[in-house]
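*Asks:* Remember, this note's numbering sits 22 above the position in the sequence shown when you count from 1.
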Amino acid sequence: DIMVEYYQQRASAGLIITEATAISEEAYGWKNAPMISTPEHALHWKKVTDAIHAKDGKVFIQLWHMGRQSHSSFHPTNKDIVSASAVPMTTGQARDMDGKDVPFETPRALTVEQIQATIQDYVKAARLSKEAGFDGIEIHAANGYLLDQFLQSRTNQRTDQYGGSHENRTRILQEILAAIIADGAYPASRIGVRLSPNGNFGDMGSEDNHVLFPNVASQMNAYGLAYLHVMDGLAFGNHDKGPLVTAMDIKKHFTNGPLMVNCGLETKDVAAGMLRSGTSDLFAYGRPFISNPDLVERFQNDWPLNPPADYGDWYSYKGDSGYTDFP
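Shown next as structure tokens:
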């Protein structure tokens, strides 16, 4: 019920994109994070979508697979973690099922057959998302999670059809899109894709990103997506391994739909300037929306914003404190 309240408080957004939502047990890896892998999950999410729609809002669910950023304690079936290749993270720590910091583990490289099973997990999650009443879905292929692990050369050392060339490394993302569209839960026009070419979150960043991600944008251009969501800002760090990929770099290659940018947008003036310049079409606000549930009204009326939420409020469950109690 507290999630229902949280999302309904923010229903005035032009489009809500949910928190990252795991598509399977294997995809899961953050304590108290939501899932969308069973009819029961869909039933509970329906309460959220109904509350948003009751206030004339729209909402996409963000479909998520953590890959190597997870921990085996979340996976009682296989008792391991997976990735594109057996490349462990080298910075930071994982968190286990009890929320304790633990060393990162070495992931198991998915076989071709297991990749196909993972694609079907996305298809099932999309179907359940439709049953839950979501207006669309966003495929999370950013921030060092599984699909980003396939995209980037830092984590993809495969020599089969899912590794090597840019086209091969994008193959799993394209096959997920094709499978969801063919299954019929959502057309391409109700599907967004999220990318992060510049960030180092998740121990990521590759020397060829400045070539790879415009190429990915070109491939995404063929689908007629609802939008392409690019974290072009540096609020999640900068990998410093090559030239930055700007929103305009992506927009030159993605012309068949709106470009959404994110990461570091704190005021409406920055977005307004980017809109006027033609740099982007849509703007995703994350951190300001945590502490300002009425962010749209504050922007419309030039009202001051609440102070930023504490870092501990971003991802940690503490009941209504730092969640639904912002004025």
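C-beta atoms are modelled at their ideal positions from N, C-alpha and C, and glycine is treated no differently.
Starting from the Cα of Gln-179, find the closest Cα among Ser-107, Pro-236 and Lys-122 and give me that residue.
*Replies:* The option with the nearest alpha carbon to Gln-179 is Ser-107.
*Asks:* Decide if Lys-152 is buried, meaning its Cβ has at least 16 other Cβ atoms within 10 Å, or exposed.
*Replies:* Under this definition Lys-152 is a buried residue.
*Asks:* Buried or exposed: where does Asp-170 fall if 16 or more other Cβ atoms within 10 Å of its Cβ makes it buried?
*Replies:* By the neighbour-count rule (16 or more Cβ atoms within 10 Å), Asp-170 is buried.
*Asks:* CB-CB under 8 Å to Phe-276, same chain, minus the five flanking residues each way: which ones, in chain order?
*Replies:* Answer for Phe-276: Ala-239, Ser-240, Met-242, Asn-243 and Leu-250, listed in chain order.
*Asks:* State buried or exposed for Leu-65, treating a residue as buried only when at least 16 other CB atoms are found within 10 Å of its CB.
*Replies:* By the neighbour-count rule (16 or more Cβ atoms within 10 Å), Leu-65 is not buried but exposed.
*Asks:* When you compare only the Cα positions, how much space is there between Met-270 and Ile-202?
*Replies:* Met-270 and Ile-202: Cα-Cα distance of roughly 29 Å.
*Asks:* Which residues in the same chain have their Cβ closer than 6 Å to the Cβ of Asn-284, if we skip the five residues on either side of it in sequence?
*Replies:* Only Met-253 and Ala-306 meet the Cβ criterion.
*Asks:* DSSP three-state call for Tyr-28: helix, strand or coil?
*Replies:* Helix.
*Asks:* Just how far apart, CA to CA, sit Asp-324 and Glu-48?
*Replies:* If I take the Cα positions, the gap works out to 45 Å.
*Asks:* Just verifying my parser: in three-state terms, what is the DSSP assignment at Tyr-249?
*Replies:* If DSSP states are grouped into helix, strand and coil, Tyr-249 belongs with the strands.
*Asks:* Could you pull the start and end residues of the alpha helix (DSSP H) that Thr-2 belongs to?
*Replies:* Residue 2 lies beyond the range of the chain shown here (23 to 349); nothing can be said about it.
*Asks:* Rounded to whole angstroms, what is the Cα-Cα separation between Ile-24 and Gln-30?
*Replies:* Whole-angstrom Cα-Cα distance: 10 Å.
*Asks:* Classify Gln-84: buried if its beta carbon has 16 or more other beta carbons within 10 angstroms, exposed otherwise.
*Replies:* So Gln-84 ends up on the buried side.
*Asks:* How far does the beta strand (DSSP E) with Met-282 in it extend, from its first residue to its last?
*Replies:* Element bounds for Met-282: 281-283.
*Asks:* Assuming Val-215 and Leu-266 make a contact with CB atoms under 8 Å, what is their CB distance in whole Å?
*Replies:* Rounded, the Cβ-Cβ distance is 20 Å, inconsistent with contact.
*Asks:* Apply the 10 Å Cβ neighbour rule to Tyr-50 and answer buried if 16 or more other Cβ atoms are within range, or exposed otherwise.
*Replies:* Its Cβ being crowded by 16 or more others within 10 Å, Tyr-50 is buried.
*Asks:* In whole angstroms, what is the alpha-carbon distance linking Ala-44 and His-63?
*Replies:* Straight-line Cα distance between these residues: approximately 11 Å.
*Asks:* Helix, strand or coil for Val-134 per DSSP?
*Replies:* Helix.
*Asks:* What does Lys-340 pair with, by DSSP beta-bridge criteria?
*Replies:* Note: Lys-340 sits in a beta bridge opposite Asp-342.
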